[in-house]
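Reviewing the structure listed below.
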Amino acid sequence: MPVNASDALSLAGRDLISVRDFTRDELIAFLDEAEAFEYYTSPILSGMVMGSLFFEPSTRTNLSFSSAMQRLGGSVLGFADSKVSSTSKGESLADTVRVVENYCDIILLRHPFEGAARLASESTRLPVINAGDGTNQHPTQTLLDLYTIRQKRNALEGLKIAFIGDLKYSRTVHSLIETLSHFDNELFLISPTSLRIPPDFLEELNANGTVYHEDEDFFSIAQDVDVLYSTRIQQERFPDAVEYEKVKNAYRIDRETIEKLGGKATLMHPLPRLNEISMDLDDYPGAAYFDQVRNGVTVRKAVLSLLLGKTRV
Ligand code: CP
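Put into structure tokens, the structure is as follows:
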């Protein structure tokens, strides 16, 4: 049964830790609800507070959640740099969360360790949103990515979708690929050999019957893609700086790349970008990375209202 707006309250009080915790219908319900939030700014979250705990740097996730909360009438407390919190005195994450739950109604957490958001959710009665945990998951980025794909291609299935760059450490890629395995698309996974997607993701694609191709050379496998999802080589995750130096300039998408692809691909990137996408592509009609940024606020308005059980009026 599809989840519709009247069923949306079933999402109230839930955590958003991993895309694995949600059915395909529930993921689509988030997207449908987000559409209704495009221009919606009534103060339905008035009196509610989001605790925003960032143990890793962020521009988009941190500020777009704050924007979404405030545009719906709520308020935000927290820190963008854990060095100013009592973590620097040795306080555990579990204790920090147990303390912060007294000040707010929902907790947003970014942390460098895989599993930190799950641990936090087990330490509090409040809903916890994973704003990125190490190389593991970034589920709200996935929702805004899906939202952007549906907006630009009018479909979530029957597409050729290429991922290019650091597929080993990129949590945005991991979350999105896992989610796309619920939909019928053909995937192209392009990376240096040392940055291939970890085997457990391939096992999941195999288990779900998703057709995929892996290669180091972009053009040998992906000539006619609908979506090209580029990602930064994640320097901060490399244990060895020499290994980073070897691959840091592995791929650069420019006008020539896009023309070779037929000039119709939707070009996505979670940002920040370094040199993976030439700035002269910013006015290419298929460039969607700043639309992803804008969609981040829309999708996060829907996420906050659904998890807080405050529906549109
Ligand atoms: N896409 C993304 O997660 O960006 P930030 O690291 O700036 O939040």
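The sequence shown begins at 1 in this note's numbering and counts up by one. In this text, a Cβ means the ideal position worked out from N, Cα and C, and glycines have one as well.
As DSSP reads the structure, His213 sits in a beta bridge with Phe188.
In this structure, the CA atom of Ala29 is about 34 Å from the CA atom of Ser82. A distance below 6 Å between beta-carbons, with the five flanking residues on each side excluded, links Tyr169 to the following residues of its chain, in chain order: Thr135, Gln234, Arg237. If you check the C-beta of Gln141 against the ligand CP, you find a heavy atom less than 8 Å away. Ranked by how close their Cα comes to the Cα of Ala250, the residues Ser230, Lys264, Lys260, Gly262 have Ser230 in first place. Contact between Ser46 and Gly74 holds, since their C-beta atoms are separated by about 7 Å, short of 8 Å. The closest heavy atom of the ligand CP lies less than 8 Å from the beta carbon of Arg60. Between Arg171 and Gln137, the C-beta spacing is below 9 Å. A straight line joining the alpha-carbon of Ala36 with that of Glu245 spans about 45 Å. Lys301: member of the alpha helix (DSSP H) spanning 289-307, first to last residue. Under the Cβ criterion (8 Å, minimum of three pairs), the segment 147-161 does not count as touching the segment 209-218. Boundaries of the alpha helix (DSSP H) around Val100: 93-100. When distances are taken from the beta-carbon of Leu274 to the heavy atoms of the ligand CP, even the shortest one reaches 8 Å or more. Contact annotation: Ser42 and Leu16 have beta-carbon atoms that are not nearer than 9 Å. Here DSSP, grouped into helix, strand and coil, assigns Gln137 to strand. By DSSP's assignment, Ile164 forms a beta bridge with Ile190, Ser230. Looking at Phe55, Leu11, Phe218, the one whose alpha-carbon comes closest to that of Asp133 is Phe55. Sequence-distant partners of Pro112 (beyond 5 residues in either direction) whose C-beta falls short of 7 Å from its own C-beta, in its chain, are Phe55, Glu56, Gly134. Taking a cut-off of 8 Å on C-beta distances, the segment 260-270 does not touch the segment 114-122, as fewer than three cross pairs fall below it. Close CB contacts of Val297 within its chain, under the 6 Å cut and outside five residues either way in sequence, are with Ser64, Ser67, Ala68 (chain order). Minimum Cα-Cα distance from Glu203 among the listed residues Glu178, Phe163, Ile221 corresponds to Glu178.
The beta carbon of Ile197 sits closer than 6 Å to the beta carbons of Leu167, Leu189 from its chain, once the five residues preceding and following it are set aside; these are given in chain order. Here Val299 is buried, its C-beta having at least 16 other C-beta atoms within 10 Å.
Beyond the five residues adjoining it in sequence on each side, Phe183 comes within less than 6 Å, by CB distance, of Leu156, Glu157 in the same chain, given in chain order.
Between the C-alpha atoms of Ala288 and Pro270 there is a straight-line separation of about 10 Å. Counted as a single uninterrupted DSSP element, the stretch harbouring Phe183 is not any alpha helix (DSSP H), since DSSP gives it neither H nor E. DSSP places Thr311 in the coil class of the three-state scheme, outside both helix and strand. Across the structure, Ser194 and Thr257 are spaced so that their CA atoms are roughly 23 Å apart. Where Ile106 is concerned, the enclosing beta strand (DSSP E) starts and stops at 106-111.
The secondary-structure analysis by DSSP pairs Ile17 with nothing; it has no beta-bridge partner.
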